[in-house]
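**Q** Got a structure for you, questions after.
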Amino acid sequence: MEFINTRTEHEKRSIGAKCGHVIRRISKGEPLKGKTLKFALEILGQNEQDSTDSTIYLISDKIKKGQELDDYEKSILEDIVLTNKKIYG
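As numbered in the working numbering, the sequence shown has no gaps in its residue numbers, which increase by one up to the final residue, 86.
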């Protein structure tokens, strides 16, 4: 089956920008707020449904509480969750 990308260029850029905002704030140890928080929680919520791994739940909980993520959690969020969102929408 061939992968068909139906997102417009504007949608791709928008998702990429939102992911960038999350990465920058998380990397600086800043709490997520407003639309950035909502976006991150939506992505993590989608991954919670697909995963039995408690790490996703822990990351989501820490983000909701405004707590800083450790290096492993940052890596999971940035390198796996957000990269997956940029690629597959």
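Even for Gly, the Cβ is constructed at its ideal location relative to N, Cα and C. Quick caveat: nothing in here was measured; it's all calculated off a predicted structure.
Just reading off the alpha helix (DSSP H) that T80 is part of, what are its end residues?
**A** Within the sequence shown, numbered from 1, the residue matching residue 80 stands at position 83. Note, T80: alpha helix (DSSP H), T80 to Y85.
**Q** With a threshold of 7 Å (Cβ to nearest heavy atom), would K59 be considered close to the ligand MG?
**A** With respect to the ligand MG, the structure offers nothing, as it holds no ligand at all.
**Q** For V19 versus L79, is the C-beta spacing smaller than 8 Å?
**A** Stepping through the sequence shown from its first residue, residue 19 is reached at position 22. Stepping through the sequence shown from its first residue, residue 79 is reached at position 82. Yes, the pair counts as a contact, with Cβ atoms nearer than the cut-off.
**Q** With D58 as the anchor, note down where its alpha helix (DSSP H) starts and where it stops.
**A** Counting from 1 along the sequence shown, the entry for residue 58 is found at position 61. D58 -> alpha helix (DSSP H) spans S51 to K62.
**Q** Return helix, strand or coil for G26, following the three-state DSSP convention.
**A** Numbered from 1 along the sequence shown, position 29 holds the residue referred to as residue 26. DSSP places G26 in coil when its eight states are reduced to three.
**Q** Determine the direct distance from the alpha carbon of K71 to that of S24, and round the result to whole angstroms.
**A** Locating residue 24 in the sequence shown gives position 27, where the first residue counts as 1. Locating residue 71 in the sequence shown gives position 74, where the first residue counts as 1. Distance between the alpha carbons of S24 and K71 is about 8 Å.
**Q** Just the C-alpha distance for S57 and Y85, rounded to the nearest angstrom, thanks.
**A** The sequence position of residue 57 within the sequence shown is 60, counting from 1. The sequence position of residue 85 within the sequence shown is 88, counting from 1. Distance between the alpha carbons of S57 and Y85 is about 20 Å.
**Q** According to the neighbour-count rule (16 or more other Cβ atoms, all chains shown, within 10 Å of its Cβ), is I77 buried or exposed?
**A** Taking the first residue of the sequence shown as position 1, residue 77 is located at position 80. The residue is exposed, with fewer than 16 neighbouring Cβ atoms inside 10 Å.
**Q** Label K83 either buried or exposed according to how many other C-beta atoms from any shown protein chain fall within 10 Å of its C-beta, with 16 as the threshold for buried.
**A** If you number the sequence shown from 1, residue 83 lands on position 86. Classification of K83: exposed, given that the 10 Å Cβ count is below 16.
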